[in-house]
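Those protein sequence lines, which keep their order, are chains A and B.
Quick note: the first sequence uses the numbering used here, first residue 4, plus one each step.
Quick note: the second sequence uses the numbering used here, first residue 15, plus one each step.
All C-beta atoms in this analysis are idealised placements derived from N, C-alpha and C, irrespective of residue type, glycine included.
Data first, discussion second: the structure below is written as structure tokens.
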Amino acid sequence: QLQLQESGPGLVKPSETLSLTCSVSGASMISTIYYWAWIRQPPGKAPEWIGSVFYSGSAYYSPSLKSRVTISVDTSKNQFSLKLTSVTAADTAVYYCVRQAPESKNTPRFYYFMDVWGKGTRVTVSP
Amino acid sequence: QSVLTQPPSLSGASGQRVTISCSGSSSNIGAGYDVHWYQQFPGRPPQVVIVGDSNRTSGVPERFSGSRSGSSASLAISGLQSDDEADYYCQSYDNSLSAWVFGGGTKLTVL
């Protein structure tokens, strides 16, 4: 059974870099079907897509965060990571790592949904 | 401000039917991109219940159904039960933002 687990600091100071890792177990990340994504959810608000990465390393980012985000993949460790620079209080949220999947093979990525979620890790940005 | 608009809250009596709307535009739902629906309980990650506009995921009761029309989509829940009380989010893709997007969410209360 596929499981995703986020890890990283729960407290980050303003202007510093938020770094999180997602460890994937139960299946290999090397797949031509799935994308691996980071989603965040500020307290009391809706989820927000941050970015997605393919096993090859090719990545897509939210336009609103693109200048500050890097998502990378390490298939040898079956992990992918998030780096968000120059954080502010507005980046305080629960961060989830997620697998994106299609309903059927050969479906373009625009139609993908988030089928497996990690439990989430709470990150607070505060001095 | 979400590009997919949902009512912030909705309530219904046990056993009743409720419908949660998700209004988009020509760059997302209206462009033909699939709509997916997620259910979220407090302190838990969202869990997908409807994919591809109207297909229930494994284990989701037949009481849950999804539909779409034009630039909008809906999630209907019939025979409301207390354990349906949760937050519900619609999700699609927006080609003007080049981003996967979520609705603002609807808090469903079962009276």
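Next item on the list: Report the option in B:Ser16, B:Ser28, B:Pro59, B:Pro56 whose CA atom is closest to the CA atom of serine 39 of chain B.
Entry: Ranking B:Ser16, B:Ser28, B:Pro59, B:Pro56 by Cα distance to serine 39 of chain B puts B:Ser16 first.
Check: Which residues mark the beginning and the end of the beta strand (DSSP E) in which serine 85 of chain B is found?
Finding: Careful: serine 85 of chain B lies outside any beta strand (DSSP E) and carries neither H nor E.
Notebook entry, point to check: Would you call the CB atoms of cysteine 25 of chain A and leucine 7 of chain A closer than 8 Å?
Noted result: Yes, Cβ-Cβ distance for cysteine 25 of chain A and leucine 7 of chain A is below 8 Å.
Next item on the list: Check the Cβ-Cβ distances between proline 60 of chain B and every residue of chain A, and say whether any is below 8 Å.
Entry: For proline 60 of chain B, the answer is yes, since a Cβ of chain A falls inside 8 Å of its Cβ.
Note to self: Among the candidates A:Pro105, A:Thr73, A:Glu51, A:Thr78, whose CA atom is the shortest distance from the CA of alanine 30 of chain A?
What the structure shows: When the alpha-carbon of alanine 30 of chain A is set against those of A:Pro105, A:Thr73, A:Glu51, A:Thr78, the nearest one is in A:Thr78.
Check: Which residue from B:Ala100, B:Pro60, B:Phe116, B:Leu94 puts its Cα closest to that of alanine 87 of chain B?
Finding: Nearest C-alpha to alanine 87 of chain B: B:Phe116.
Next item on the list: Output the boundary residues of the beta strand (DSSP E) element that contains glycine 54 of chain A.
Entry: Under the DSSP assignment, glycine 54 of chain A falls in the beta strand (DSSP E) whose first and last residues are 51 to 56.
Next item on the list: Could you pull out every residue in the same chain whose Cβ sits closer than 6 Å to the Cβ of leucine 14 of chain A, ignoring the five residues on either side in sequence?
Entry: These residues qualify, in order along the chain: Thr127.
Checklist line | Contacts around serine 83 of chain B, its chain only, beta-carbon distance under 7 Å, and the 5 residues preceding and following it disregarded | finding: No residues qualify anywhere along the chain.
Next item on the list: May I ask you to report which of helix, strand or coil DSSP gives glycine 12 of chain B?
Entry: The structure shown does not extend to residue 12 of chain B, since chain B spans only 15 to 125, so no value can be given for it.
Note to self: Assuming contact is defined by CB atoms lying nearer than 8 Å, are valine 90 of chain A and glutamate 9 of chain A in contact in what I supplied?
What the structure shows: Contact flag unset, no.
Notebook entry, point to check: Residues of chain B with a CB under 7 Å from the CB of aspartate 118 of chain A: which are they?
Noted result: Chain-ordered, the chain B residues with CB closer than 7 Å to the CB of aspartate 118 of chain A read Val62.
Checklist line | Cβ of phenylalanine 116 of chain B within 8 Å of any chain A Cβ | finding: Against chain A, the CB of phenylalanine 116 of chain B has a partner CB under 8 Å away; the residue lies at that interface.
Next item on the list: Return the first residue and the last residue of the beta strand (DSSP E) that valine 128 of chain A is part of.
Entry: 124 to 128 is the span of the beta strand (DSSP E), which, as asked, contains valine 128 of chain A.
Item checked: Continuous beta strand (DSSP E) stretch holding glutamate 9 of chain A: start and end -> That run of the beta strand (DSSP E) goes 6 to 10.
Notebook entry, point to check: What three-state label does DSSP hand aspartate 108 of chain B in the structure shown?
Noted result: The DSSP-derived three-state label of aspartate 108 of chain B is strand.
Next item on the list: Determine the burial state of serine 59 of chain A: buried for a count of at least 16 other Cβ atoms within 10 Å of its Cβ, exposed for fewer.
Entry: Sixteen is the threshold: since fewer than 16 other Cβ atoms of the shown chains lie within 10 Å of the Cβ of serine 59 of chain A, the residue is exposed.
Notebook entry, point to check: Do the CB positions of proline 105 of chain A and tyrosine 115 of chain A come within less than 8 Å of each other?
Noted result: In contact: proline 105 of chain A and tyrosine 115 of chain A (Cβ atoms closer than 8 Å).
Notebook entry, point to check: What are the residues that DSSP puts in a beta bridge with valine 72 of chain A?
Noted result: As DSSP reads the structure, valine 72 of chain A sits in a beta bridge with A:Leu87.
Check: Based on the DSSP secondary-structure assignment, which residues constitute the bridge partners of lysine 48 of chain A?
Finding: Partner residues in a beta bridge of lysine 48 of chain A, as assigned by DSSP, do not exist.
Next item on the list: Could you please tell me which residues of the stretch 66 to 78 of chain B, in chain order, have their CB closer than 9 Å to any CB of chain A?
Entry: Considering only beta carbons, the part of the stretch 66 to 78 of chain B lying closer than 9 Å to chain A consists of Gly66, Asn69, Thr71, in chain order.
Next item on the list: Following the continuous beta strand (DSSP E) through isoleucine 64 of chain B, name the residue where it begins and the one where it ends.
Entry: Looking at the DSSP string, the run of the beta strand (DSSP E) that includes isoleucine 64 of chain B is 61 to 65.
Item checked: Assumed close pair arginine 112 of chain A, tyrosine 38 of chain A - CB separation to whole angstroms, cut-off 8 Å -> Indeed, because the Cβ distance is near 6 Å, the residues count as touching under 8 Å.
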